[in-house]
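Reviewing the structure listed below.
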Amino acid sequence: MADFDDEDSPEREPLRFSYDRSSVSPEMAEVMDNIKKLAETMLYHWKTFPIKLPQSVTGTKNRMSSVTGGNGQEKVVIDFRNLIIGPTFDELEQVSKNPAGNLKQLNEKQLNSIWNNGEFEVDSINFPGQTHRWRLTQFLQKGSVRAHNTLLDDCALALRILIITAKNRFCSHFFSLSESIKSCGLGLWKILDIIIGMPSTSPGDLQSKIQGEHMRYLVAELIVKSIFRKNFFKFCTFVLKKCHLPKSEIYKIQDVRPPPIPYIYQTPTGTDIDLRLWNRDLINNCLPILSNILEKEARGWFIPFRQKLVRDLKGEGLSKEELLKQVNEDVMKEYLRRVFSAIIHNVELENLQPGIGQLLVNQAKSVLAMQKATMKMQQKLQKHKTELQTHLKKRYPVKSRIGAWENKQLSAFEHEFSEQNLWSAHEEAISLCEEEDLHQSIYFLKRDLNFIKEREPVLLKELSRVKIPNKVFTFNTRIWFPSNWVVTRVYEEETEVIPTVLAAKGQTAPTPSLSKQNKAAYLVEKYLNQKTTTRYPCWRWWNYLYRTWSWMWNAMFVFGVVIPWCSPLSLRALFYLDPFVPDLKISQEDGVLYPDESSRTHTLLSRLRALWSNVFSARKKFEETADTGFLGKSCTRHFNRVWNYVLKGALGSVLLVTVFPVLCVTFSGISLAAAITTPVWIPLVTLGAHLIAFVIYDFDCPDDNSNKVGILFEALVWRLLIQGCMQPLAALMVGCIGCPLAALGVSIFGALRRSVRGLWDTFMFYAVIKPRGRVPMSDGFVARRVAGPGLASNYFLQIHPEQTLAAVEARMELDELEVFRVNTVKQIEQPVQEYRSFVSSCFKPFSAGLITEGVFNRLKEETAEYDTHLTQKVNEKANVLRISLHPEVQGKIKLPERELKITILQTAKMLEKFYPDHVIKPSGVKEEDFWEDKLLEYKDWRGLASRMLSEIFSPSFLVPLEETDTHFQLQVNHLNLKKYVAMLNSTDFQDDLDLVTEIHTPQGDVQARAPHLDAAYFNPDQKIMPTSRFFTPRGRRFPWKPVNDEVYFDKLEIPLPIPHPAFIAVSIYNRENDQEPIDFSNVYCQQLIRAAKELPYVDIRDMEEVDLESNTPDNGIEPVTVISHLAEQEQSFSDDTAAVSPSSPTQPTVFFEHRINVYVDDVDDSEGRIVYKEQEADNSCILNMASEDETR
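Going by our numbering, the first residue of the sequence shown is number 6, and it counts up by one from there.
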């Protein structure tokens, strides 16, 4: 709240209300009198509200004026808008003239500079240490150094023509002899493909196959711990039984929960592999807790720890980049230490699952280690590439100017680097994991490295041999006789072919039932499907034969059966007495083929009957209609008889009897003739279609990405003629004749240009420049200023500390003024708020509210006037205090290091003296919250000073001005800045200068990032960095540019693609039971694995403690042999299979007891009926297996 003196304090006055008592009842008037009395007691308005701004600390008033001091002298007030004025750079006239007022002649140093570079420099007068640089036109002087560089560029161009362009005409992907040979081969291949059809196959989706084998290989050695064998076999046996059930029984099951699976396995060496994080329910419960820990541990310690690091590292002589890197690394290490410690000791995580905290920490450590290893390799590659570029420019000054040659060298280096360091990321990650004792991650990293080294090349070679046709063609042939149609019964996704049954004559289709439960669907197939593929040669001829065969039989059916016997113009329509139904449709009730009434066709006699029936019905309708017309029936009856009997009946009958038989005989005869001659003309039509495909559009093209338009033209004209015959001749002429001549021409031109330029520059230098050259006063055709004060954008403006302190004091007063405005606005609007509260408290129970009329409206208008008056006075004062700086000027203002430190210290003292009583306390904010909002330590006044300086000027202000920086000194023209000079001189800063470092300049030298870690690092299913081994090829904008092969060395996928434990369990079962394995491709097996992923985590060790009893021969124990899975048994996961004898004496034998777990009902183990029920967020992929038991 603002403080006011007694004479300046706002004066309250109660509000007065009035109403007409005669318009209400006495009872209502009594109530309203009480409300009026209470309102006039509680509600008020400001009778007067004088606004007195806080006392200025800068001595400014609302409007700039001169004030008189106590001694009668005039005291000038600071004009903050002109506190910092940019320099004027117009000094060309001063630097170009000598004391006599004449233009200066060029000295010896300037003449030497013109001879070497074609430019000269003149020292600045107003800006010591700065120079104006002038460049002469090349017509007058270019300079020996620049001319030599031009000669090197010409030599590089000539050399490029010889070693790049000419060489590419013999061997390259574009316009070369090698490309012409390829085009000839491709053209011949296309011609053969057009004539006979060449094989078109592909190995299929190699990426998914390799990734599948990769996942299997990572877990190929894992075995199940003995305490989990029972649950392991229960799950696998359950999956196996369900996969062997008939489909009709499988799809009756609507919901199923597979038995719990083991999440802890062992390696052959006995190392435990804990995969509990792969349970989605468990990791989803952990993520919110992790997010809270990550957010909590990032606060409260970062700023002081960063300050301490900077203080410790400042004395080690590190560069800015090294210091920044080291600070960020140490901050991240400390953050990770705090986070990991909090996770391990978190009670919520421990209650959720014992030991889960350590698992989460190990997962994050392994991901960070792999990420660090990958980034290290990338940095190493970039570092060596930079060194190679520097070496090339130093050793090959001409060749290094050829971009294509340099890119080729860099590409070759990348390939060599990738070959030498292909496994380095894995090895580095393994080394980092060994430092952290991450045994589980080390195991999987070694497996992954072994797969990439040994298995992946073999798999790629083997899988590349797989030949899958690129296209399959289907030809449909009509089945003539309905008794040969194929009827299929579909019941709950089960398909079954049933005998074809035709309905008896006169039998009609049953009425469809409305019930849809347990109802089968029937489909009828009227065509035979024959297929061909592009796998083998001559597939186009096979297509021709099958297409001819199919089209011929279909044409014979249409022309020999449909048109002459089943169509409305058929012979049956001519001679049959009654309408006939030629087509059949299948009934969805019993699967029998019944006549399709929609295909009912009329005959000649039926049409005549229908015609005369229509005539008689029309006459009957006319006679039965009442005589209410205009002319009367006695007159219109004759017209009706003529229309019906003569025009419709007689004339229609004549047309039917005379025209219809002719049409039937004609169409039927033509169609029968066409059907008989089908073997003659159908092959010609098919041949024409194939010729159209060759000439116009190839509808049989097996490659969807290749050209399909005019393939014959492409093969003969484009591939063979242009690229095969004309291209090699043109490329040979260009490479052998054109390029050498062009290189010779460029070399001669470069030599001549350099010689002529040398002679011309020598002549102009001694004849014109040396005797007549002067320092110009303005730009012209001969000389133009290219650098100097005011031209370059990379200069800085140096101000005085007293100017900075004046700007800080103005900003402090602006902050106080803003707090005063906010508090005063609250005080002004207090009557309105109390009015609203009063009305709400009294009338809200009666659903009544305020209206913007009467007393409340006048109160709001009065409040708005006070607000406007306050805003006007505050804005007037703020306009006086604001420093008008252009954004470009703000970013260029700086101070030298010592003066910057002194300014920060003095600013901190000013803030410490002013802010607590004038800003923090009046704002009503707790001092701790104030510093927390500023992201600073408690009472870190130096940090607040640095922040305020960066806001007044720019973040770069906190970076000290160095001697090598181009800067200009700004002068001070304000007399009363002596106040700030005295302020600086009166304080001893010697003891505090060392404490002021760039730790208070977060945007300055040390841009230390706030620590952050994504919760995805703890989730093994979240991909942090996918591998780049597989990529999608894209088109090129410039096809003549060289094709750079993709270079990858980051085969390390982060995190590793370890499969789910349900997949691991089935894989181990298949390895141990190779005689009756579980088919992974089985749809139901995949559904069960997906269902197992969604199940909540169940600690089956606790279940084992409940279920297990002493193992005695009486308990029905049967031995189960566990195969000791070594490296030679990994062949079961590839194309090769290895049979392992189950009776090997070296294999350990594990005994387990076949018992029913508590989660399964004792009625039937095979159905896995659920006893307990847990709430799940999503069970869309879980099938119900209890419905069959319930129906039984």
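Positions of the beta carbon are idealized from the N, C-alpha and C atoms, including for glycine.
Exercise. Using the C-alpha atoms, what's the distance from N481 back to T553?
Worked result: Straight across, the Cα-Cα distance linking T553 with N481 is about 11 Å.
For this session: Can you tell me which of the three DSSP states A508 falls into?
Result: Residue state, collapsed to three classes: coil.
Exercise. In this structure, does DSSP put A792 in helix, strand or coil?
Worked result: For A792, the three-state secondary structure derived from DSSP is strand.
Exercise. How many whole angstroms separate the CB atoms of T663 and M557, which I take to be in contact at a CB cut-off of 8 Å?
Worked result: Taking C-beta atoms under 8 Å as the contact rule, T663 and M557 fail to qualify, at a distance of about 36 Å.
Exercise. Taking just the CA atoms, how far does E823 sit from D922?
Worked result: The alpha-carbon atoms of D922 and E823 are separated by roughly 14 Å.
Problem set entry | CB-CB length for Y1089 against C241, believed under 8 Å | Between C241 and Y1089 the Cβ distance is about 14 Å, and since that is not below 8 Å, they are no contact.
Exercise. Quick one: what does DSSP say R138 is sitting in, helix, strand or coil?
Worked result: R138 falls in the strand class under three-state DSSP.
Exercise. Between V924, G929 and I909, which lies nearest to S955 when the distance is taken from Cα to Cα?
Worked result: Comparing Cα positions, the closest option is I909.
For this session: Report all residues from its chain with a CB closer than 6 Å to the CB of K52; omit the five preceding and five following residues, and keep chain order.
Result: Only E16 and E18 meet the Cβ criterion.
Problem set entry | Per-residue burial, C706 [other beta carbons within 10 Å of its own, 16 or more giving buried] | Burial is judged here by how many other beta carbons sit within 10 angstroms of a residue's own beta carbon; C706 has at least 16 and is buried.
For this session: Mind checking which residues open and close the alpha helix (DSSP H) that includes F425?
Result: The sequence given here has Gln at residue 425, not Phe. Taken as a continuous stretch (DSSP letters only), the alpha helix (DSSP H) holding Q425 covers G408 to Q425.
Problem set entry | First and last residue of the uninterrupted alpha helix (DSSP H) at R304 | First-last for R304: undefined, no H or E at that position.
Problem set entry | Spatial distance of S639 from L613 (CA atoms) | Here the C-alpha atom of S639 lies approximately 29 Å from the C-alpha atom of L613.
Exercise. Cα separation between V885 and L810?
Worked result: Each residue's alpha carbon lies about 16 Å from the other.
For this session: Tell me, to the nearest whole angstrom, how far the beta carbon of E933 is from that of Y920; I am working on the premise that it is less than 8 Å.
Result: Contact flag wrong, Cβ pair sits at about 14 Å.
Problem set entry | Euclidean distance between Cα positions of F786 and T767 | Inter-residue distance for F786 and T767 is about 20 Å (C-alpha atoms, whole angstroms).
Exercise. Given 8 Å as the limit, is there contact between the segment 624-640 and the segment 596-612, that is, 3 or more CB pairs closer than that?
Worked result: The segment 624-640, when compared against the segment 596-612, does not touch it at the 8 Å Cβ threshold.
Problem set entry | Residue closest to Q383, alpha-carbon to alpha-carbon, out of L949, F422, K404 and R605 | It is F422.
Exercise. Taking the alpha carbon of G123 as the point to measure from, which residue in E1099, S149, T539 and R577 has its own alpha carbon closest?
Worked result: Nearest of E1099, S149, T539 and R577 to G123, Cα basis: S149.
Exercise. Is I168 helix, strand or coil by DSSP?
Worked result: It is helical.
Exercise. Under the three-state reduction of DSSP, which class applies to F144: helix, strand or coil?
Worked result: Residue state, collapsed to three classes: coil.
Exercise. In the structure shown, what three-state DSSP assignment does L528 receive?
Worked result: DSSP, read as helix, strand or coil, puts L528 in strand.
For this session: Check the C-beta distance from I361 over to R281 and give it rounded, since I have them as a contact under 8 Å.
Result: Contact between I361 and R281 holds, with the beta-carbon distance rounding to 7 Å and staying under 8 Å.
For this session: Tell whether a beta-carbon distance below 8 Å holds between A378 and L1057.
Result: Result yes, Cβ atoms of A378 and L1057 sit closer than 8 Å.
Problem set entry | C-alpha distance - Q135 paired with L97, whole-angstrom precision | Whole-angstrom Cα-Cα distance: 13 Å.
For this session: State the start and end residues of the unbroken alpha helix (DSSP H) segment that holds K713.
Result: First-last for K713: undefined, no H or E at that position.
Exercise. For P584, which residues of its own chain have a beta-carbon under 8 Å away from its beta-carbon, when the five flanking residues on both sides are left out?
Worked result: R605, T606, H607, T608 and S611.
For this session: Go ahead and pull the three-state DSSP assignment for P204.
Result: P204 falls in the coil class under three-state DSSP.
Problem set entry | For L20, the three-state DSSP class (helix, strand or coil) | Residue state, collapsed to three classes: coil.
Exercise. Could you give the residue range of the alpha helix (DSSP H) that holds V664?
Worked result: Where V664 is concerned, the enclosing alpha helix (DSSP H) stretches over G657 to I681.
Exercise. Relative to the C-alpha of P1025, which residue among L1018, L443, P1060 and A1015 is closest?
Worked result: Distances from the alpha-carbon of P1025 to those of L1018, L443, P1060 and A1015 put P1060 closest.
For this session: Under 6 Å Cβ to Cβ from Q445, same chain only, skipping five residues before and after it: list those, please.
Result: So the qualifying residues of the chain are I278.
For this session: Apply the 10 Å Cβ neighbour rule to T500 and answer buried if 16 or more other Cβ atoms are within range, or exposed otherwise.
Result: By the 10 Å Cβ count, T500 comes out exposed.
Exercise. Quick one, which of A950, P927 and K931 has its alpha-carbon nearest L916's?
Worked result: In terms of CA proximity to L916, A950 leads the group A950, P927 and K931.
Problem set entry | Endpoints, the alpha helix (DSSP H) within which P733 is located | Element bounds for P733: Q732 to M738.
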